[in-house]
């Protein structure tokens, strides 16, 4: 599927200034095409949530953008610079938050930031202020001289994000920024990411937490098998693919199969949600159908319905 | 931030990676220094006293003079090839440090240069320690010995790059055992450190000429006891070795780090 054109809020088509653009990108590892004809554009100043199940190609896409993987086919531009040709210039203006924590655990918080201020060529006289600002962003001012291996998981993740911001990048890549964290910690990080967004930094965030994309992303791209299969605002994707209302029926397996038959007959898509069946596009459903589902609970449709409908119910 | 023009190997990129190493070294210098200094010193004392009581003179030198200068190369080898292999392997595979570095405006050739340069500098300094110990045991200090750290740095850079190359070839950290037994041990024994290579069969003597450590040993002795123009050949051998190892290490690391 082709990505939808970018529209301004008043539906006037605009020529967007793109922070990222990938056209027909292919990256194979042996016989596996991890990225397989990927087209993706991200408007400068926006936050794109890259959603997809494990193995959809999200992390490989991130690696392609920093030239830590080289595409077999296609064209990539980051901040207007061709990748991998001008990758170093692009990386100088980019911050990367990896999925796997690679902080120097034997160094203090301040030393970690100091090393990255140098790697990112922050001029010598600006380094102390840059490190201080990153400490404040990470809310680790009081822990500046603590060794990283003495920090909690949440603190480490905040530091990992702040480390990528020490040079005030124009574009930030976040690869699964909150994976494996407590809900409280996750919400702290969301506040941090939201603050970045408000500063006008372009964000590309891969995640498989639907709620994260729903809360933070202006736009969502759903990836599956190495390409984008749906693109839009979370609200538009929900409206387009699963309607506004969902009827959820809990029951024993035979009843669930019955419900699926009823929905099929009525031409409504369904999905299994663990012990229940969700009947999608159930707004304005005919009375006779509703009568056959007396135990159904109505709820608003959400992005998770879209995600599961589009990427399949089976985990690969 | 304006995009500065970025050259292929930028001193600021190399400097940033070295800065990281120096920051870490300030935490680990005790253990690193201990192992790099104590082992060659033990060899020096064991051979100096043990062998020295059997032979008074070797190749025209007092034995303490012979082994006290030769052992510099051993110290340089130990303190460059080992960190090149182990520390680099750990940073690449376990700590994922290099993934973080390459996501910043630093390329593989800058990363490898920085790592080899820092290890080389360090091992050049460590190489002087057994020389100082030997001086304590009767080796005469000469002005030419001031060149020894530079010979050590050049040799150390080459063996650090060799270690980095090996770290990017081996599948697991256990595989280093093969390299240590089959490559490093013969290199360090057949370098003219403990006994002169002219006593070896011809074929072994010829092979020793291909051993960079032999050229390091000869150069250190020459610096201590009198240089001649022909020693430029040893310098050339070490430069070629260092350049070749650097080139191979960069290539091999790139295939490991860039998918």
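Residue numbers (the working numbering), protein chains in the order written: chain A, 1 to 316; chain G, 1001 to 1259. Here a beta-carbon is modelled for each residue, glycine too, at the ideal position from N, C-alpha and C.
Against chain G, with Cβ distances strictly below 7 Å, would residue i count as a contact?
i: residue 102 of chain A; result: yes
i: residue 9 of chain A; result: Low local confidence applies: a pLDDT of 47 at residue 9 of chain A is under 50, so the model's placement there is unreliable, and no value is given.
i: residue 19 of chain A; result: no
i: residue 124 of chain A; result: no
i: residue 343 of chain A; result: No answer is possible for residue 343 of chain A: it lies beyond the span of chain A, which begins at 1 and ends at 316.
i: residue 250 of chain A; result: no
i: residue 77 of chain A; result: no
i: residue 176 of chain A; result: no
i: residue 147 of chain A; result: no
i: residue 143 of chain A; result: no
i: residue 92 of chain A; result: yes
i: residue 158 of chain A; result: no
i: residue 108 of chain A; result: no
i: residue 58 of chain A; result: no
i: residue 119 of chain A; result: yes
i: residue 276 of chain A; result: no
Taking the alpha carbon of residue i as the reference point, which residue from the options has its own alpha carbon closest?
i: residue 1210 of chain G; options: G:1114, G:1181, G:1241 and G:1189; result: G:1241
i: residue 274 of chain A; options: A:264, A:267, A:253 and A:281; result: A:253
i: residue 297 of chain A; options: A:251, A:306, A:188 and A:265; result: A:251
i: residue 121 of chain A; options: G:1246, G:1010 and G:1206; result: G:1010
i: residue 1146 of chain G; options: G:1138, G:1224, G:1016 and G:1215; result: G:1224
i: residue 248 of chain A; options: A:277, A:114, A:308 and A:125; result: A:277
i: residue 242 of chain A; options: A:131, A:300, A:123 and A:295; result: A:300
i: residue 1060 of chain G; options: G:1198, G:1184, G:1039 and G:1186; result: G:1198
i: residue 216 of chain A; options: A:30, A:87 and A:46; result: A:46
i: residue 1160 of chain G; options: G:1131, G:1117 and G:1125; result: G:1117
i: residue 1142 of chain G; options: G:1065, G:1046 and G:1234; result: G:1065
i: residue 230 of chain A; options: A:303, A:79 and A:87; result: A:303
i: residue 1096 of chain G; options: A:81, A:68, A:86 and A:165; result: A:68
i: residue 1113 of chain G; options: G:1158, G:1047 and G:1238; result: G:1158
i: residue 312 of chain A; options: A:52, A:142 and A:117; result: A:52
i: residue 1129 of chain G; options: G:1205, G:1227, G:1044 and G:1204; result: G:1044
i: residue 186 of chain A; options: A:203, A:198, A:212 and A:112; result: A:212
i: residue 1155 of chain G; options: G:1131, G:1138 and G:1125; result: G:1125
For a cutoff of 7 Å on Cβ pairs, would you count residue i as touching chain A?
i: residue 1104 of chain G; result: yes
i: residue 1259 of chain G; result: yes
i: residue 1100 of chain G; result: yes
i: residue 1108 of chain G; result: no
i: residue 1016 of chain G; result: yes
i: residue 1230 of chain G; result: no
i: residue 1019 of chain G; result: yes
i: residue 1035 of chain G; result: no
i: residue 1091 of chain G; result: no
i: residue 1027 of chain G; result: yes
i: residue 1084 of chain G; result: no
i: residue 1167 of chain G; result: no
i: residue 1012 of chain G; result: yes
i: residue 1003 of chain G; result: Its pLDDT being 47, under 50, residue 1003 of chain G is placed unreliably by the model, and nothing is read from it.
i: residue 1097 of chain G; result: yes
i: residue 1023 of chain G; result: yes
Considering only residues of the same chain and omitting the five flanking positions on each side of residue i, which have a CB-CB separation below 6 Å?
i: residue 262 of chain A; result: 292
i: residue 1085 of chain G; result: 1163, 1166, 1167 and 1176
i: residue 1127 of chain G; result: 1072, 1075, 1076 and 1152
i: residue 1208 of chain G; result: 1190, 1197 and 1214
i: residue 214 of chain A; result: 234 and 303
What residues in its chain sit with their C-beta under 7 Å from that of residue i, if we drop five residues either side in the sequence?
i: residue 146 of chain A; result: 108 and 109
i: residue 62 of chain A; result: 173, 175 and 206
Spatial neighbours of residue i within its chain, please: C-beta separation below 8 Å, excluding the five flanking residues on both sides.
i: residue 181 of chain A; result: 153, 154, 157 and 189
i: residue 970 of chain G; result: No answer is possible for residue 970 of chain G: it lies beyond the span of chain G, which begins at 1001 and ends at 1259.
i: residue 161 of chain A; result: 97, 137, 138, 174, 177, 189, 192 and 193
i: residue 305 of chain A; result: 238, 241, 242, 246, 271, 278 and 280
i: residue 294 of chain A; result: none
i: residue 1278 of chain G; result: Shown here, chain G extends from 1001 to 1259; a query on residue 1278 of chain G therefore has no answer.
i: residue 1238 of chain G; result: 1151, 1154, 1155, 1158, 1212, 1215, 1216 and 1219
- Taking contact to mean at least 3 C-beta pairs separated by less than 8 Å, is the segment 101 to 110 of chain A in contact with the segment 31 to 44 of chain A? no
- Message: Does the structure place the segment 1024 to 1036 of chain G close enough to the segment 247 to 260 of chain A that three or more beta carbon pairs sit under 8 Å?
- Response: With a cut-off of 8 Å, the segment 1024 to 1036 of chain G and the segment 247 to 260 of chain A do not count as touching, because too few Cβ pairs lie within range.
- Query: Is it true that the segment 1190 to 1202 of chain G meets the segment 1170 to 1177 of chain G, where meeting means three or more beta-carbon pairs spaced less than 8 Å apart?
  - Reply: no
- Query: Within the chosen definition, does the segment 141 to 154 of chain A reach the segment 163 to 171 of chain A through at least 3 CB pairs nearer than 8 Å?
  - Reply: No, because fewer than three Cβ pairs between the segment 141 to 154 of chain A and the segment 163 to 171 of chain A fall closer than 8 Å, the two stretches do not touch.
- Query: Do three or more CB pairs link the segment 21 to 35 of chain A to the segment 74 to 87 of chain A at distances below 8 Å?
  - Reply: yes
- Message: Can you confirm whether the segment 1103 to 1113 of chain G touches the segment 104 to 111 of chain A when touching is taken to mean that 3 or more C-beta pairs between the two stretches lie within less than 8 Å?
- Response: no
- Task: Evaluate contact between the segment 48 to 57 of chain A and the segment 224 to 236 of chain A, counting only Cβ atoms and requiring at least three cross-stretch pairs below 8 Å.
- Result: yes
- Can you list, in chain order, the stretches of the beta strand (DSSP E) that have 3 or more residues and sit fully within the segment 197 to 269 of chain A? Within the segment 197 to 269 of chain A, the runs of beta strand (DSSP E) that reach at least 3 residues and sit entirely inside it are, in chain order, 202 to 207, 219 to 224, 227 to 232 and 245 to 250.
- Item | Runs of beta strand (DSSP E) wholly within the segment 1205 to 1252 of chain G (minimum 3 residues, chain order) | none
- Message: Suppose only complete runs of 4+ residues qualify. What are the alpha helix (DSSP H) ranges in the segment 1065 to 1130 of chain G, listed by chain order?
- Response: 1097 to 1103 and 1108 to 1126
- Continuous alpha helix (DSSP H) assignments of at least 4 residues falling wholly in the segment 120 to 190 of chain A: 127 to 137 and 153 to 163
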